[in-house]
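Colleague: Please see the structure below; I have some questions.
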(Lines of atoms letter the chains of each structure in order from A; the text may use other names.)
(Lines give C-alpha, C1' and ligand atoms only; values in the text may rest on other atoms or scores of the structure.)
Protein backbone atom coordinates (compact mmCIF):
# COMPACT_ATOMS: atom_id res chain seq x y z
CA UNK A 1 0.00 0.00 0.00
CA UNK A 2 1.34 3.44 -0.90
CA UNK A 3 2.19 5.92 1.85
CA UNK A 4 0.88 9.45 2.01
CA UNK A 5 4.30 10.86 1.17
CA UNK A 6 4.56 9.04 -2.16
CA UNK A 7 3.75 11.30 -5.14
CA UNK A 8 1.25 8.97 -6.82
CA UNK A 9 -0.77 8.20 -3.70
CA UNK A 10 -4.54 8.47 -3.80
CA UNK A 11 -6.55 7.86 -0.62
CA UNK A 12 -9.18 5.84 -2.49
CA UNK A 13 -6.54 3.20 -3.35
CA UNK A 14 -6.55 1.85 0.22
CA UNK A 15 -8.43 -1.41 0.66
CA UNK A 16 -9.81 -0.13 3.96
CA UNK A 17 -9.75 3.63 4.25
CA UNK A 18 -8.76 5.08 7.59
CA UNK A 19 -11.13 7.39 9.45
CA UNK A 20 -8.95 10.42 8.76
CA UNK A 21 -8.93 9.57 5.03
CA UNK A 22 -12.73 9.47 5.10
CA UNK A 23 -12.80 12.84 6.83
CA UNK A 24 -10.33 14.25 4.28
CA UNK A 25 -12.60 13.03 1.52
CA UNK A 26 -15.47 14.99 3.04
CA UNK A 27 -13.31 18.12 3.29
CA UNK A 28 -12.04 18.01 -0.28
CA UNK A 29 -15.50 17.25 -1.73
CA UNK A 30 -17.16 20.17 0.07
CA UNK A 31 -18.12 23.12 -2.12
CA UNK A 32 -19.89 26.43 -1.80
CA UNK A 33 -22.73 25.03 -3.90
CA UNK A 34 -23.42 22.47 -1.15
CA UNK A 35 -24.48 25.21 1.27
CA UNK A 36 -28.15 26.01 1.65
CA UNK A 37 -29.24 29.64 1.43
CA UNK A 38 -29.89 29.71 5.17
CA UNK A 39 -26.49 28.17 5.95
CA UNK A 40 -24.79 30.94 3.92
CA UNK A 41 -26.76 33.57 5.83
CA UNK A 42 -25.90 31.98 9.18
CA UNK A 43 -22.21 31.79 8.24
CA UNK A 44 -22.21 35.48 7.32
CA UNK A 45 -23.89 36.26 10.65
CA UNK A 46 -21.24 34.24 12.53
CA UNK A 47 -18.42 35.98 10.66
CA UNK A 48 -19.80 39.44 11.46
CA UNK A 49 -20.43 38.46 15.07
CA UNK A 50 -16.91 37.09 15.49
CA UNK A 51 -15.32 40.13 13.82
CA UNK A 52 -17.27 42.41 16.16
CA UNK A 53 -15.88 40.45 19.12
CA UNK A 54 -12.37 40.67 17.64
CA UNK A 55 -12.39 44.41 16.94
CA UNK A 56 -14.01 45.04 20.32
CA UNK A 57 -11.08 43.26 22.00
CA UNK A 58 -8.38 45.41 20.39
CA UNK A 59 -6.11 46.73 23.12
CA UNK A 60 -7.01 44.07 25.71
CA UNK A 61 -3.99 43.31 27.86
CA UNK A 62 -3.42 39.59 27.04
CA UNK A 63 -3.98 40.24 23.33
CA UNK A 64 -1.46 43.07 23.40
CA UNK A 65 1.04 40.71 25.00
CA UNK A 66 0.64 38.42 22.01
CA UNK A 67 0.95 41.32 19.58
CA UNK A 68 4.18 42.39 21.28
CA UNK A 69 5.57 38.87 20.98
CA UNK A 70 4.61 38.60 17.30
CA UNK A 71 6.33 41.93 16.61
CA UNK A 72 9.43 40.75 18.46
CA UNK A 73 9.61 37.43 16.62
CA UNK A 74 8.68 38.82 13.22
CA UNK A 75 7.48 36.80 10.26
CA UNK A 76 6.99 37.20 6.53
CA UNK A 77 4.13 39.71 6.06
CA UNK A 78 1.73 37.30 4.36
CA UNK A 79 -1.40 37.66 6.51
CA UNK A 80 -3.12 40.60 8.15
CA UNK A 81 -3.40 41.17 11.87
CA UNK A 82 -6.73 42.80 12.71
CA UNK A 83 -5.95 46.38 13.65
CA UNK A 84 -2.96 46.68 11.33
CA UNK A 85 0.39 45.09 10.41
CA UNK A 86 1.11 41.76 8.74
CA UNK A 87 2.97 38.66 9.82
CA UNK A 88 3.30 34.95 9.03
CA UNK A 89 -0.08 33.20 8.63
CA UNK A 90 0.20 30.97 11.72
CA UNK A 91 1.10 33.98 13.88
CA UNK A 92 -1.74 36.02 12.41
CA UNK A 93 -4.00 33.07 13.24
CA UNK A 94 -2.85 33.15 16.86
CA UNK A 95 -3.36 36.88 17.23
CA UNK A 96 -6.67 37.18 15.37
CA UNK A 97 -8.08 34.11 17.13
CA UNK A 98 -7.12 35.64 20.48
CA UNK A 99 -9.09 38.74 19.50
CA UNK A 100 -12.16 36.70 18.52
CA UNK A 101 -12.03 34.77 21.78
CA UNK A 102 -10.97 37.34 24.39
CA UNK A 103 -14.36 38.90 25.19
CA UNK A 104 -15.99 35.44 25.40
CA UNK A 105 -18.84 36.86 23.32
CA UNK A 106 -18.67 34.70 20.18
CA UNK A 107 -20.97 31.85 19.14
CA UNK A 108 -21.37 28.36 20.64
CA UNK A 109 -22.57 24.87 19.88
CA UNK A 110 -24.23 22.73 22.53
CA UNK A 111 -23.93 18.95 22.55
CA UNK A 112 -25.01 16.76 25.44
CA UNK A 113 -21.48 16.22 26.71
CA UNK A 114 -19.57 19.08 25.12
CA UNK A 115 -19.74 22.77 24.36
CA UNK A 116 -17.58 24.48 21.75
CA UNK A 117 -17.23 27.83 20.00
CA UNK A 118 -16.96 27.11 16.26
CA UNK A 119 -16.15 30.69 15.26
CA UNK A 120 -12.87 30.16 17.14
CA UNK A 121 -11.77 28.70 13.79
CA UNK A 122 -12.24 31.98 11.91
CA UNK A 123 -8.83 33.48 12.73
CA UNK A 124 -6.94 30.56 11.20
CA UNK A 125 -9.20 30.30 8.16
CA UNK A 126 -9.03 34.05 7.52
CA UNK A 127 -5.22 33.90 7.57
CA UNK A 128 -5.11 30.78 5.37
CA UNK A 129 -7.50 32.28 2.82
CA UNK A 130 -5.62 35.58 2.65
CA UNK A 131 -2.32 33.74 2.20
CA UNK A 132 -3.82 31.52 -0.52
CA UNK A 133 -5.50 34.43 -2.35
CA UNK A 134 -8.90 32.81 -1.82
CA UNK A 135 -12.31 34.23 -2.62
CA UNK A 136 -14.90 35.00 0.04
CA UNK A 137 -16.99 32.04 -1.08
CA UNK A 138 -13.99 29.81 -0.35
CA UNK A 139 -13.68 31.28 3.13
CA UNK A 140 -17.37 30.54 3.80
CA UNK A 141 -16.91 26.95 2.57
CA UNK A 142 -13.79 26.36 4.66
CA UNK A 143 -15.52 27.84 7.70
CA UNK A 144 -18.57 25.62 7.12
CA UNK A 145 -16.24 22.62 7.02
CA UNK A 146 -14.72 23.60 10.38
CA UNK A 147 -18.17 24.07 11.90
CA UNK A 148 -19.32 20.67 10.65
CA UNK A 149 -16.26 18.80 11.90
CA UNK A 150 -16.20 20.43 15.32
CA UNK A 151 -19.95 20.15 15.94
CA UNK A 152 -20.17 16.52 14.83
CA UNK A 153 -17.15 15.46 16.89
CA UNK A 154 -18.69 17.27 19.87
CA UNK A 155 -21.88 15.25 19.32
CA UNK A 156 -20.31 11.80 19.17
CA UNK A 157 -16.91 12.15 20.86
CA UNK A 158 -17.22 14.47 23.89
CA UNK A 159 -14.05 14.69 25.97
CA UNK A 160 -14.93 17.03 28.86
CA UNK A 161 -15.80 14.20 31.26
CA UNK A 162 -12.46 12.54 30.43
CA UNK A 163 -10.55 15.62 31.60
CA UNK A 164 -9.82 17.08 28.17
CA UNK A 165 -10.78 20.48 26.77
CA UNK A 166 -13.09 21.14 23.81
CA UNK A 167 -10.08 22.47 21.89
CA UNK A 168 -9.19 18.78 21.45
CA UNK A 169 -11.93 18.31 18.84
CA UNK A 170 -11.09 21.77 17.56
CA UNK A 171 -7.67 20.53 16.48
CA UNK A 172 -9.36 18.38 13.85
CA UNK A 173 -11.81 21.10 12.85
CA UNK A 174 -9.34 23.93 12.37
CA UNK A 175 -6.91 21.74 10.42
CA UNK A 176 -9.76 20.59 8.18
CA UNK A 177 -10.86 24.18 7.55
CA UNK A 178 -7.30 25.39 6.96
CA UNK A 179 -6.64 22.52 4.57
CA UNK A 180 -9.80 23.45 2.65
CA UNK A 181 -8.75 27.11 2.55
CA UNK A 182 -5.34 26.12 1.19
CA UNK A 183 -6.99 23.80 -1.39
CA UNK A 184 -4.94 20.79 -0.27
CA UNK A 185 -5.54 17.51 -2.05
CA UNK A 186 -7.08 14.61 -0.13
CA UNK A 187 -3.79 13.03 0.95
CA UNK A 188 -2.30 16.28 2.24
CA UNK A 189 -5.60 17.20 3.90
CA UNK A 190 -5.56 13.88 5.78
CA UNK A 191 -1.98 14.53 6.86
CA UNK A 192 -2.88 18.02 8.13
CA UNK A 193 -5.77 16.69 10.20
CA UNK A 194 -3.70 13.79 11.54
CA UNK A 195 -0.79 16.01 12.58
CA UNK A 196 -3.04 18.56 14.29
CA UNK A 197 -5.23 15.96 16.01
CA UNK A 198 -2.25 14.01 17.31
CA UNK A 199 -0.41 17.06 18.61
CA UNK A 200 -3.18 19.10 20.30
CA UNK A 201 -4.87 17.18 23.12
CA UNK A 202 -5.56 19.86 25.74
CA UNK A 203 -6.41 19.42 29.43
CA UNK A 204 -9.71 20.65 30.89
CA UNK A 205 -7.85 22.25 33.81
CA UNK A 206 -7.81 25.25 31.46
CA UNK A 207 -11.38 25.98 32.62
CA UNK A 208 -11.48 24.65 36.19
CA UNK A 209 -10.52 26.17 39.52
CA UNK A 210 -8.77 29.54 39.36
CA UNK A 211 -8.99 30.71 35.77
CA UNK A 212 -6.10 32.30 33.91
CA UNK A 213 -5.49 34.05 30.61
CA UNK A 214 -5.20 30.59 29.05
CA UNK A 215 -8.98 30.17 29.21
CA UNK A 216 -9.22 32.62 26.33
CA UNK A 217 -5.97 31.68 24.62
CA UNK A 218 -6.19 27.88 24.50
CA UNK A 219 -8.16 27.79 21.27
CA UNK A 220 -6.08 30.52 19.57
CA UNK A 221 -3.06 28.32 20.29
CA UNK A 222 -4.88 25.36 18.70
CA UNK A 223 -5.92 27.52 15.74
CA UNK A 224 -2.33 28.55 15.10
CA UNK A 225 -1.12 24.96 15.49
CA UNK A 226 -3.84 23.62 13.19
CA UNK A 227 -2.94 26.07 10.43
CA UNK A 228 0.73 25.27 10.97
CA UNK A 229 -0.09 21.57 10.55
CA UNK A 230 -1.86 22.31 7.27
CA UNK A 231 1.14 24.30 6.05
CA UNK A 232 3.44 21.41 6.98
CA UNK A 233 1.21 18.95 5.12
CA UNK A 234 1.21 21.29 2.13
CA UNK A 235 4.98 20.78 1.98
CA UNK A 236 4.59 17.00 2.10
CA UNK A 237 5.00 16.28 5.83
CA UNK A 238 3.01 13.18 6.81
CA UNK A 239 1.03 12.38 9.94
CA UNK A 240 -0.27 9.23 11.70
CA UNK A 241 -2.79 7.65 9.32
CA UNK A 242 -4.65 5.93 12.18
CA UNK A 243 -4.96 9.00 14.40
CA UNK A 244 -8.60 8.16 15.15
CA UNK A 245 -8.87 4.36 15.32
CA UNK A 246 -5.24 3.25 15.75
CA UNK A 247 -3.32 1.82 18.68
CA UNK A 248 -3.24 4.63 21.30
CA UNK A 249 -5.16 6.87 18.89
CA UNK A 250 -7.92 9.34 19.75
CA UNK A 251 -10.61 6.69 20.21
CA UNK A 252 -8.56 4.35 22.37
CA UNK A 253 -6.76 6.95 24.43
CA UNK A 254 -9.46 9.57 24.96
CA UNK A 255 -12.87 9.50 23.33
CA UNK A 256 -13.94 5.87 23.03
CA UNK A 257 -15.37 4.32 19.87
CA UNK A 258 -17.61 6.41 17.65
CA UNK A 259 -18.64 6.58 14.01
CA UNK A 260 -19.43 9.42 11.62
CA UNK A 261 -20.43 8.67 8.05
CA UNK A 262 -18.51 11.47 6.40
CA UNK A 263 -19.90 10.56 2.99
CA UNK A 264 -23.38 11.43 4.28
CA UNK A 265 -22.46 14.67 6.08
CA UNK A 266 -23.64 18.05 4.82
CA UNK A 267 -22.49 21.59 5.69
CA UNK A 268 -25.52 22.65 7.72
CA UNK A 269 -24.22 22.39 11.31
CA UNK A 270 -23.86 26.16 11.48
CA UNK A 271 -27.65 26.42 11.63
CA UNK A 272 -27.65 24.70 15.05
CA UNK A 273 -25.02 27.00 16.54
CA UNK A 274 -26.12 29.89 18.74
CA UNK A 275 -25.16 33.54 19.10
CA UNK A 276 -24.63 35.22 22.45
CA UNK A 277 -27.01 37.97 23.44
CA UNK A 278 -24.97 38.84 26.52
CA UNK A 279 -21.23 39.01 27.06
CA UNK A 280 -21.24 35.95 29.29
CA UNK A 281 -20.51 32.23 29.23
CA UNK A 282 -22.98 30.54 26.91
CA UNK A 283 -24.87 28.45 29.46
CA UNK A 284 -25.86 31.63 31.34
CA UNK A 285 -27.73 33.27 28.46
CA UNK A 286 -31.32 32.20 29.22
CA UNK A 287 -30.91 32.89 32.95
CA UNK A 288 -29.57 36.37 32.19
CA UNK A 289 -32.43 37.10 29.81
CA UNK A 290 -34.90 36.00 32.48
CA UNK A 291 -33.37 38.02 35.30
CA UNK A 292 -33.12 41.15 33.16
CA UNK A 293 -36.78 40.76 32.19
CA UNK A 294 -37.71 40.57 35.89
CA UNK A 295 -35.63 43.69 36.53
CA UNK A 296 -37.32 45.58 33.69
CA UNK A 297 -40.87 44.48 34.51
CA UNK A 298 -40.90 45.00 38.28
CA UNK A 299 -39.96 48.00 40.35
CA UNK A 300 -37.22 47.00 42.78
CA UNK A 301 -33.65 48.00 43.51
CA UNK A 302 -30.64 45.89 44.37
CA UNK A 303 -30.96 46.93 48.00
CA UNK A 304 -34.40 45.24 48.06
CA UNK A 305 -32.95 41.84 47.18
CA UNK A 306 -32.69 39.32 49.97
CA UNK A 307 -31.56 36.45 47.79
CA UNK A 308 -31.61 35.08 44.23
CA UNK A 309 -32.26 31.42 43.49
CA UNK A 310 -31.51 29.79 40.14
CA UNK A 311 -32.44 26.26 39.18
CA UNK A 312 -30.58 25.24 36.04
CA UNK A 313 -29.38 22.24 34.04
CA UNK A 314 -26.42 20.18 35.20
CA UNK A 315 -23.94 21.41 32.57
CA UNK A 316 -24.44 25.06 33.58
CA UNK A 317 -24.18 24.15 37.25
CA UNK A 318 -21.00 22.16 36.79
CA UNK A 319 -19.19 24.69 34.60
CA UNK A 320 -20.30 28.11 35.90
CA UNK A 321 -22.54 27.44 38.90
CA UNK A 322 -20.14 26.07 41.50
CA UNK A 323 -20.34 22.37 40.61
CA UNK A 324 -17.53 20.04 39.60
CA UNK A 325 -15.37 22.73 37.97
CA UNK A 326 -14.98 24.77 41.14
CA UNK A 327 -16.45 27.42 43.42
CA UNK A 328 -17.78 30.51 41.63
CA UNK A 329 -18.19 32.92 44.53
CA UNK A 330 -14.55 34.04 44.70
CA UNK A 331 -14.37 36.39 41.71
CA UNK A 332 -11.40 38.70 41.11
CA UNK A 333 -10.58 38.65 37.39
CA UNK A 334 -12.36 38.95 34.06
CA UNK A 335 -11.77 35.25 33.38
CA UNK A 336 -13.38 34.27 36.69
CA UNK A 337 -16.25 36.75 36.34
CA UNK A 338 -17.46 35.62 32.92
CA UNK A 339 -17.50 32.01 34.16
CA UNK A 340 -19.41 32.72 37.39
CA UNK A 341 -23.22 32.55 37.33
CA UNK A 342 -23.44 34.31 40.72
CA UNK A 343 -21.36 37.23 39.44
CA UNK A 344 -23.14 37.51 36.10
CA UNK A 345 -26.63 37.42 37.64
CA UNK A 346 -25.63 39.92 40.31
CA UNK A 347 -24.05 42.41 37.91
CA UNK A 348 -27.04 42.11 35.56
CA UNK A 349 -29.38 43.05 38.41
CA UNK A 350 -27.18 45.98 39.40
CA UNK A 351 -26.29 47.38 35.96
CA UNK A 352 -29.17 46.24 33.76
CA UNK A 353 -26.75 44.84 31.18
CA UNK A 354 -23.91 42.36 30.77
CA UNK A 355 -21.33 43.62 28.31
CA UNK A 356 -17.56 44.20 28.22
CA UNK A 357 -17.94 47.02 30.75
CA UNK A 358 -19.12 44.57 33.40
CA UNK A 359 -15.71 42.87 33.33
CA UNK A 360 -13.51 45.88 33.98
CA UNK A 361 -11.32 45.27 37.06
CA UNK A 362 -12.84 48.18 38.96
CA UNK A 363 -16.38 46.88 38.30
CA UNK A 364 -15.55 43.38 39.45
CA UNK A 365 -13.98 44.66 42.66
CA UNK A 366 -16.86 46.93 43.76
CA UNK A 367 -18.58 46.06 47.01
CA UNK A 368 -22.12 46.09 45.59
CA UNK A 369 -21.57 43.20 43.19
CA UNK A 370 -19.25 41.28 45.52
CA UNK A 371 -21.95 41.43 48.21
CA UNK A 372 -24.89 40.55 45.95
CA UNK A 373 -23.19 37.60 44.23
CA UNK A 374 -22.91 35.91 47.62
CA UNK A 375 -26.70 36.02 47.90
CA UNK A 376 -27.09 34.08 44.65
CA UNK A 377 -27.58 30.32 44.92
CA UNK A 378 -27.40 27.96 41.94
CA UNK A 379 -28.85 24.44 41.98
CA UNK A 380 -28.98 21.70 39.34
CA UNK A 381 -32.44 20.37 38.51
CA UNK A 382 -32.77 16.89 36.94
CA UNK A 383 -35.91 17.86 35.01
CA UNK A 384 -34.18 20.88 33.49
CA UNK A 385 -31.07 18.80 32.79
CA UNK A 386 -33.14 16.35 30.75
CA UNK A 387 -34.26 19.19 28.47
CA UNK A 388 -30.71 20.28 27.59
CA UNK A 389 -29.31 20.76 24.89
CA UNK A 390 -32.54 21.06 22.88
CA UNK A 391 -33.46 23.80 25.33
CA UNK A 392 -31.48 26.06 27.66
CA UNK A 393 -33.88 25.97 30.63
CA UNK A 394 -33.68 28.17 33.73
CA UNK A 395 -36.00 28.78 36.68
CA UNK A 396 -35.37 32.03 38.57
CA UNK A 397 -36.69 33.34 41.90
CA UNK A 398 -35.84 36.71 43.39
CA UNK A 399 -36.84 37.02 47.07
CA UNK A 400 -37.19 40.63 48.16
CA UNK A 401 -37.13 42.02 51.69
CA UNK A 402 -40.58 41.74 53.17
CA UNK A 403 -41.21 38.38 51.55
CA UNK A 404 -42.25 39.48 48.04
CA UNK A 405 -41.11 36.92 45.47
CA UNK A 406 -40.63 37.38 41.74
CA UNK A 407 -40.14 34.39 39.47
CA UNK A 408 -39.83 33.38 35.84
CA UNK A 409 -38.89 30.34 33.79
CA UNK A 410 -37.05 30.31 30.47
CA UNK A 411 -36.54 27.56 27.91
CA UNK A 412 -34.30 29.51 25.53
CA UNK A 413 -33.17 33.05 24.75
CA UNK A 414 -32.91 35.41 21.80
CA UNK A 415 -29.93 33.98 19.89
CA UNK A 416 -30.67 30.30 20.60
CA UNK A 417 -31.27 28.19 17.49
CA UNK A 418 -34.99 28.14 18.31
CA UNK A 419 -35.01 31.98 18.34
CA UNK A 420 -32.13 32.95 16.05
CA UNK A 421 -30.83 36.49 15.82
CA UNK A 422 -31.41 38.30 12.53
CA UNK A 423 -28.75 39.97 10.39
CA UNK A 424 -29.92 43.38 11.64
CA UNK A 425 -29.67 42.31 15.29
CA UNK A 426 -26.14 41.00 14.85
CA UNK A 427 -25.23 44.13 12.89
CA UNK A 428 -26.40 46.20 15.87
CA UNK A 429 -24.28 44.07 18.21
CA UNK A 430 -21.30 44.58 15.87
CA UNK A 431 -21.83 48.35 15.77
CA UNK A 432 -21.92 48.56 19.56
CA UNK A 433 -18.80 46.46 20.03
CA UNK A 434 -16.63 48.30 17.50
CA UNK A 435 -17.91 51.87 17.90
CA UNK A 436 -14.77 53.10 19.70
CA UNK A 437 -12.44 51.46 17.21
CA UNK A 438 -14.00 52.15 13.81
CA UNK A 439 -15.78 55.26 12.60
CA UNK A 440 -19.25 54.98 11.06
CA UNK A 441 -17.91 54.73 7.52
CA UNK A 442 -15.56 51.86 8.29
CA UNK A 443 -18.25 50.07 10.27
CA UNK A 444 -20.59 50.24 7.27
CA UNK A 445 -17.84 49.02 4.92
CA UNK A 446 -17.08 45.97 7.05
CA UNK A 447 -20.76 45.09 7.43
CA UNK A 448 -21.26 45.47 3.67
CA UNK A 449 -18.17 43.36 2.91
CA UNK A 450 -19.40 40.51 5.11
CA UNK A 451 -22.92 40.80 3.67
CA UNK A 452 -21.44 40.24 0.19
CA UNK A 453 -18.51 38.07 1.23
CA UNK A 454 -18.99 35.51 -1.50
CA UNK A 455 -18.48 38.27 -4.09
CA UNK A 456 -15.17 39.71 -2.85
CA UNK A 457 -11.62 38.43 -2.30
CA UNK A 458 -10.66 37.71 1.29
CA UNK A 459 -7.78 40.15 0.97
CA UNK A 460 -10.36 42.92 0.53
CA UNK A 461 -11.96 42.08 3.87
CA UNK A 462 -8.54 41.77 5.50
CA UNK A 463 -7.63 45.26 4.30
CA UNK A 464 -10.73 46.69 5.96
CA UNK A 465 -9.98 44.86 9.21
CA UNK A 466 -6.45 46.29 9.24
CA UNK A 467 -7.91 49.79 9.62
CA UNK A 468 -9.59 49.25 12.98
CA UNK A 469 -7.66 50.77 15.87
CA UNK A 470 -7.57 50.16 19.61
CA UNK A 471 -8.62 53.12 21.72
CA UNK A 472 -9.48 55.56 18.94
CA UNK A 473 -11.69 55.82 15.88
CA UNK A 474 -10.14 55.26 12.52
CA UNK A 475 -11.18 56.65 9.16
CA UNK A 476 -12.02 54.34 6.30
CA UNK A 477 -11.12 54.40 2.66
CA UNK A 478 -12.68 52.56 -0.24
CA UNK A 479 -14.92 49.50 -0.02
CA UNK A 480 -13.31 46.08 -0.39
CA UNK A 481 -13.45 44.89 -3.96
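Numbering (the working numbering), first residue to last: 1 to 481. Glycine is no exception: its CB is placed at the ideal position from the N, C-alpha and C atoms. Since the model is a prediction, treat every value here as computed from it, not as a measurement.
(1) How would you write the range of the alpha helix (DSSP H) that residue 407 sits in, first residue to last?
(2) Work out the CA separation of residue 406 and residue 302 for me, nearest whole Å.
(3) Mind listing, in chain order, the continuous alpha helix (DSSP H) runs of no fewer than 4 residues lying wholly within the segment 80–160?
(4) Report yes if the CB atom of residue 100 is closer than 8 Å to the CB atom of residue 75, and no otherwise.
(5) In the DSSP assignment, what are the bridge partners of residue 377?
(6) For residue 470, collect the residues of the same chain with a Cβ closer than 7 Å to its Cβ; drop the 5 residues on either side in sequence, then sort them by chain order.
(7) Name the DSSP beta bridge partners of residue 394, please?
(8) What did DSSP end up calling residue 275 once you bin it into helix, strand or coil?
(9) Say the cut is 7 Å; is the CB of residue 403 nearer than that to a heavy atom of the ligand PLP?
(10) In this structure, does DSSP put residue 457 in helix, strand or coil?
(11) Spell out the partners DSSP gives residue 203 in its beta bridges.
(12) Following the continuous alpha helix (DSSP H) through residue 267, name the residue where it begins and the one where it ends.
(13) So, for residue 421: in the same chain, excluding its five sequence neighbours on each side, which residues have a beta-carbon less than 6 Å away from its beta-carbon?
(14) Taking all protein chains shown into account, do 16 or more other C-beta atoms lie within 10 angstroms of the C-beta of residue 331, making it buried, or fewer, making it exposed?
(15) State yes or no: is the C-beta of residue 254 within less than 8 Å of the C-beta of residue 281?
(16) So, residue 464 versus residue 445, is the Cβ gap smaller than 8 Å?
(17) At which residues does the alpha helix (DSSP H) containing residue 55 begin and terminate?
(18) Check whether the segment 38–45 and the segment 216–230 touch, using three or more Cβ-Cβ pairs below 8 Å as the test.
(19) Between the Cα of residue 113 and the Cα atoms of 426, 379, 247 and 155, which residue gives the shortest distance?
(20) Taking buried to mean at least 16 other C-beta atoms within 10 Å of its own C-beta, is residue 235 buried or exposed?
(21) Spatial neighbours of residue 272 within its chain, please: CB distance less than 8 Å, with the 5 preceding and 5 following residues excluded, ordered by chain position.
(22) Leaving out five residues before and five after residue 478 in sequence, what residues of the same chain have Cβ atoms less than 6 Å from its Cβ?
(23) DSSP state of residue 399, grouped into three classes?
(24) May I ask you to report which of helix, strand or coil DSSP gives residue 242?
(25) By Cβ distance below 6 Å, which residues in the same chain neighbour residue 77 in space, the five residues on each side in sequence not counted?
(26) Determine, using beta-carbon pairs with one atom in the segment 127–134 and one in the segment 15–27, whether at least three such pairs fall under 8 Å.
(27) To the nearest angstrom, how far is it from the Cα of residue 202 to the Cα of residue 342?
(28) Helix, strand or coil for residue 261? Go by DSSP, reduced to three states.
(29) Leaving out five residues before and five after residue 380 in sequence, what residues of the same chain have Cβ atoms less than 6 Å from its Cβ?
(30) I believe residue 51 touches residue 458 by the beta-carbon criterion, under 8 Å. Please report the beta-carbon distance rounded to the nearest angstrom.
(31) What's the call for residue 440, buried or exposed, on a 16-neighbour Cβ count within 10 Å?
(32) Tell me the rounded alpha-carbon separation between residue 367 and residue 116.
(33) Using 8 Å for Cβ pairs, my map puts residue 180 next to residue 141. What's the rounded Cβ distance?
(34) Below 8 Å on the Cβ atoms is my contact criterion, and I expect residue 453 with residue 136 to pass it. Report the Cβ-Cβ distance as a whole number of Å.
(35) For residue 492, which residues from the same chain have a beta carbon less than 6 Å from its beta carbon, with the 5 sequence-adjacent residues on both sides left out?
Modeller: Working from what's here:
(1) Counting along the chain, residue 407 falls outside any alpha helix (DSSP H), though it belongs to the beta strand (DSSP E) covering 405–410.
(2) 13 Å
(3) 89–102, 122–132 and 136–156
(4) no
(5) 309
(6) 58, 59, 83 and 437
(7) 312 and 410
(8) coil
(9) In terms of ligand content, the structure shown is empty, and the ligand PLP therefore cannot be addressed.
(10) strand
(11) 164
(12) Premise fails: residue 267 is in no alpha helix (DSSP H) and is neither H nor E.
(13) 275 and 415
(14) buried
(15) no
(16) yes
(17) 37–56
(18) no
(19) 155
(20) exposed
(21) 109, 151 and 417
(22) With a pLDDT of 32 at residue 478, under the threshold of 50, the modelled position of this residue cannot be trusted, and the question is left open.
(23) strand
(24) coil
(25) 86
(26) no
(27) 27 Å
(28) coil
(29) 314 and 317
(30) Not a contact, Cβ separation roughly 13 Å.
(31) exposed
(32) 33 Å
(33) 6 Å
(34) 4 Å
(35) With the chain represented from 1 up to 481, any question about residue 492 goes unanswered, as that position is not in the structure.
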